[in-house]
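Take the numbering used here: the final residue in the sequence shown is number 328, and no numbers are missing along the way.
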Amino acid sequence: AFSLICYSFIFRLDLRSFHLPYSRISLVPNVGLQVAISNAFAEVDGNWRVKMYFVRDHGSFDLKVENVYIKINLKLGSDASGKPTIDTSDCSTRISKVRVHFSGKFGWLYNLFHSAIESRFRKILESKVCENVVSSVRKELQPYVRTLPVTARIDDMAGIDYSLVAPPTATAQSLDVDLKGEFFSLAHRSAVPFSPMALAFPPDHDRMVYFGASSYFFNTAGFAYHAAGALVFEITDST
Numbered sequence: 090a091f092s093l094i095c096y097s098f099i100f101r102l103d104l105r106s107f108h109l110p111y112s113r114i115s116l117v118p119n120v121g122l123q124v125a126i127s128n129a130f131a132e133v134d135g136n137w138r139v140k141m142y143f144v145r146d147h148g149s150f151d152l153k154v155e156n157v158y159i160k161i162n163l164k165l166g167s168d169a170s171g172k173p174t175i176d177t178s179d180c181s182t183r184i185s186k187v188r189v190h191f192s193g194k195f196g197w198l199y200n201l202f203h204s205a206i207e208s209r210f211r212k213i214l215e216s217k218v219c220e221n222v223v224s225s226v227r228k229e230l231q232p233y234v235r236t237l238p239v240t241a242r243i244d245d246m247a248g249i250d251y252s253l254v255a256p257p258t259a260t261a262q263s264l265d266v267d268l269k270g271e272f273f274s275l276a277h278r279s280a281v282p283f284s285p286m287a288l289a290f291p292p293d294h295d296r297m298v299y300f301g302a303s304s305y306f307f308n309t310a311g312f313a314y315h316a317a318g319a320l321v322f323e324i325t326d327s328t
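(1) Taking just the CA atoms, how far does I206 sit from S149?
(2) Go through its chain and collect everything with a Cβ distance to N128's Cβ below 7 angstroms, but skip five positions before and after it.
(3) If we call anything under 9 angstroms between Cβ atoms a contact, is D168 one with D151?
(4) Can you tell me the Cα-Cα spacing of F312 and T236, whole angstroms?
(5) For the region 223-308, which segments carrying the beta strand (DSSP E) assignment without a break, of at least 3 residues, lie completely within its bounds, in sequence order?
(6) Can you check which of these residues, S181, F210, D326, is closest to V187 by C-alpha distance?
(7) Determine, using beta carbons only, whether K160 and V189 come nearer to each other than 9 angstroms.
(8) Can you tell which of R105, I114, L122 has the C-alpha that lies nearest to the C-alpha of A131?
(9) Determine, using beta-carbon pairs with one atom in the region 223-230 and one in the region 239-249, whether at least three such pairs fall under 8 angstroms.
(10) Since Y111 sits in a beta bridge, which residues does DSSP pair it with?
(11) Use the C-beta contact count for E323: other C-beta atoms within 10 angstroms, 16 or more gives buried, fewer gives exposed.
(12) For Y158, which beta-bridge partners are listed by DSSP?
(13) Which whole-angstrom value describes the C-beta separation of G166 and P256, a residue pair presumed to lie in contact below a C-beta threshold of 8 angstroms?
(14) With a CB to CB cut of under 8 angstroms and the five nearest residues on each side skipped, what residues in its chain are close to V321?
(15) Should K228 be labelled buried (16 or more other beta-carbon atoms within 10 Å of its own) or exposed?
(16) Compute the beta-carbon to beta-carbon distance between N308 and F283, rounded to the nearest angstrom, for a pair I have assumed lies under 8 angstroms.
(17) Determine the burial state of V298: buried for a count of at least 16 other Cβ atoms within 10 Å of its Cβ, exposed for fewer.
(18) Since A259 contacts V120 with CB under 8 angstroms, what's their CB separation in whole angstroms?
(19) Among F300, S327, I126, which has the Cα closest to the Cα of T182?
(20) Excluding five sequence neighbours on each side, which residues of the same chain lie with their C-beta closer than 8 angstroms to the C-beta of V234?
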């Protein structure tokens, strides 16, 4: 009960330092990406006030959070318009050590219970980290991803559509992204009268990036420029 009272009257928090010394992004099969943060630490200053029956006291405190480990799995997908989507599929946090020191008239008394207070701090912080990560992904990262363009203007006559035709596929070795790769006329966009063929990649993973373009990519370019009048030629007797 004592620790709950202390939490109820903590205010004016100041994040003095925050460090992320090591982070790593890896692939998660059938999900997408995993962001792992380890050995993070932070220092926070703040004030506290206690009002309980006839006891009233206030002061400041120093909080140090050490060896913070965070793992976030990000599910990659696509919407009906071919834009990428991203969401949190899993999140876990572990904090190895929390140290707190109270100052004030009765600060010495609260410091006697530092083990219980630090344990309570650690549990609350561990739950709040993932709660804020999930909220940030949905309220900040996902809206930003939805602003990414999926078409581009090539010149005055044609543009290119590189929207996703399927959600990204993650394996243990690679992240495969299937893009439409279709040219279209800016003046009048119409359906292409042919279908794309399947595109196969080599099974090796020696290179960092592989890029492939099928005949569909080039054929749509010819179709778009022909529809725009750029590939119309007049053949006369003299030629």
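Beta carbons are placed, not taken as given, at the ideal position from N, Cα and C, and that holds for glycine.
The structure says:
(1) Within the sequence shown, the letter at position 60 stands for residue 149. Within the sequence shown, the letter at position 117 stands for residue 206. For the pair S149 and I206, the Cα-to-Cα distance works out to about 15 angstroms.
(2) On the sequence shown, residue 128 is found 39 positions in, with the first residue counted as 1. So the list reads P110, Y111, N156, once near-sequence residues are dropped.
(3) Working through the sequence shown from its first residue, we reach residue 168 at position 79. Working through the sequence shown from its first residue, we reach residue 151 at position 62. The criterion of a C-beta distance shorter than 9 angstroms is not satisfied by D168 and D151.
(4) The count along the sequence shown starts at 1 and reaches residue 312 at position 223. The count along the sequence shown starts at 1 and reaches residue 236 at position 147. When the Cα atoms are used, F312 and T236 turn out to be separated by approximately 29 angstroms.
(5) Within the region 223-308, the beta strand (DSSP E) runs of at least 3 residues that lie entirely inside it are, in chain order, 240-242, 247-250, 271-274.
(6) Position 98 of the sequence shown, counting from 1, holds the residue named residue 187. Considering only alpha carbons, the answer is F210.
(7) Position 71 of the sequence shown, counted from the first residue, corresponds to residue 160. Position 100 of the sequence shown, counted from the first residue, corresponds to residue 189. Their beta carbons are not under 9 angstroms apart, which means K160 does not touch V189 by this criterion.
(8) Taking the sequence shown and counting its residues from 1, the one referred to as residue 131 is at position 42. Considering only alpha carbons, the answer is R105.
(9) These segments do not touch.
(10) Residue mapping note: residue 111 aligns to position 22 of the sequence shown, counting from 1. Paired residue(s): S127.
(11) The residue given as residue 323 occupies position 234 in the sequence shown. So E323 ends up on the exposed side.
(12) For the purposes of this step, residue 158 is taken as residue 69 along the sequence shown, with counting starting at 1. Answer is R183.
(13) Mapped onto the sequence shown, residue 166 falls at position 77. Mapped onto the sequence shown, residue 256 falls at position 167. Sure, about 4 angstroms apart at Cβ, within 8 angstroms.
(14) For this step, residue 321 is matched to residue 232 along the sequence shown. Excluding positions up to five away in sequence, the list reads H315.
(15) Taking the first residue of the sequence shown as position 1, residue 228 is located at position 139. Exposed, since its Cβ has fewer than 16 Cβ neighbours within 10 Å.
(16) As a first step, residue 308 must be located in the sequence shown, where it is residue number 219. As a first step, residue 283 must be located in the sequence shown, where it is residue number 194. Cβ-Cβ separation between N308 and F283: approximately 7 angstroms, consistent with a contact (criterion under 8 angstroms).
(17) Sequence index remark: in the sequence shown, residue 298 carries index 209 (1-based). Here V298 is exposed, its C-beta having fewer than 16 other C-beta atoms within 10 Å.
(18) In the sequence shown, the residue the question calls residue 259 occupies position 170. In the sequence shown, the residue the question calls residue 120 occupies position 31. Contact between A259 and V120 is confirmed by a C-beta separation of about 6 angstroms, below the 8 angstroms threshold.
(19) Translated into positions along the sequence shown, residue 182 becomes position 93. Nearest of F300, S327, I126 to T182, Cα basis: I126.
(20) If you number the sequence shown from 1, residue 234 lands on position 145. K172, P173, T174, I175, listed in sequence order.
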